[in-house]
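Report on the structure given below.
In my numbering, the protein residues as written are 681 to 829.
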C-alpha cells in the first residue's frame, strides 16, 4: 500500500512523461505545498495531513474561480477549474449530505451541545473526525442546523 505522497510523486512522473503541462503544474503546486509544510514544521506528513493540504488548496482554487468569474476572466477561471479536477483525485470519497448530518448529530450528542453557543466545541470535534471526508462548509451548515433545532 503506497502512501498518498508516493502516489502524488508517481503521478507527477507520469505527467512529465506524458507531457501533460497543466496536470504537471497542479501536481507540482501540491508537492510544493506539502514540502513547505514539512520544512516549516520539521515533520514528515502522513496521509491525513496531506489530505488537509489538498482540502486547503481546493478551497483556495474555488475562491479564485468565484473571483475570476465575477471579474469576467473565464480563461483564468478555467485554468483554476482544471487544477481543482487534478486535486480532487487525491481526496478520499466524500460523505453525502445525509451522512454528514448523521455524523454531526452523533458529535452533538457526544459533546453534550445544547445550542448555538456550543458551535465551536462541536466544530472542533467535527474537524478532527471529518477532515478530508466532508466539505467543512457543508459540515458547518449541518452543525448550525443541528444546534438551531
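Here a beta-carbon is modelled for each residue, glycine too, at the ideal position from N, C-alpha and C. Computed from a predicted model, the values in this text were never measured in an experiment.
query: Extent of the continuous alpha helix (DSSP H) run through residue 822; result: 816-828
query: Residue 763 burial status per 10 Å Cβ neighbour count (16 or more: buried); result: buried
query: Residue 702, buried or exposed, once every other Cβ within 10 Å from all chains shown has been counted against 16; result: exposed
query: Cα-Cα separation between residue 791 and residue 827, rounded to whole angstroms; result: 12 Å
query: Option in 692, 735, 726, 695 with minimal Cα separation from residue 807; result: 735
query: 8 Å Cβ cutoff met for residue 733 and residue 707; result: no
query: Rounded straight-line distance, which links the Cα of residue 745 to that of residue 761; result: 7 Å
query: Through-space distance from residue 765 to residue 851, alpha-carbon basis; result: Outside the shown range of the chain (681 to 829) lies residue 851, about which nothing can therefore be said.
query: Closest Cα partner of residue 687 within the set 721, 699, 726; result: 726
query: Presumed contact (8 Å Cβ cut-off) between residue 738 and residue 716, rounded CB distance; result: Not confirmed; about 17 Å, so no contact.
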